[in-house]
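**Q**
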Amino acid sequence: MNMAIDVKTMTVELKPKTVEKLRVIGKKGESYDDTIRHLMDVVGYERFMLEQYKIMDEEDEWISLDDL
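Take 323 as the starting number for the sequence shown in the numbering used here and just add one per residue.
This is the structure we're talking about:
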């Protein structure tokens with residue numbers, strides 16, 4: 323079975339400083355798309371963790387797992 327994959331790309335304007343930062347952050351052979359996706363994953367994880375810390379700070383009482 324021959325399946326064609328429809329890959330669409332977009333052009334995004336970046337300032338030279340942004341491109342340089344992407345080059346520094348990215349790994350050899352990695353596309354800008356790969357680098358940006360990695361950064362988005364990192365930001366998503368950091369936001370998740372910040373939300374968890376916020377929940378922990380708002381909770382008044384904690385029960386030790388040993389007490390369960």
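Don't be surprised by glycine CBs; every beta carbon is placed ideally from N, CA and C. Remember, predicted model here, so these are calculated numbers, not experimental data.
Report yes or no: is there a C-beta of chain D within less than 9 Å of the C-beta of residue 359?
**A** Within the model displayed, chain D is absent; a lone protein chain is all it includes.
**Q** How long is the line joining the alpha carbons of residue 345 and residue 356, rounded to whole angstroms?
**A** By one-based count along the sequence shown, residue 345 stands at place 23. By one-based count along the sequence shown, residue 356 stands at place 34. Cα-Cα distance, rounded: 11 Å.
**Q** When the distance is taken between beta carbons, is residue 336 closer than 9 Å to residue 347?
**A** Translated into positions along the sequence shown, residue 347 becomes position 25. Translated into positions along the sequence shown, residue 336 becomes position 14. Not closer than 9 Å, so no.
**Q** Please classify residue 383: does DSSP put it in a helix, a strand, or coil?
**A** Residue numbering aside, residue 383 sits at position 61 when the sequence shown is read from its first letter. Coil at residue 383, not helix or strand.
**Q** What residue range does the alpha helix (DSSP H) around residue 339 cover?
**A** By one-based count along the sequence shown, residue 339 stands at place 17. Here the alpha helix (DSSP H) through residue 339 covers 338–347.
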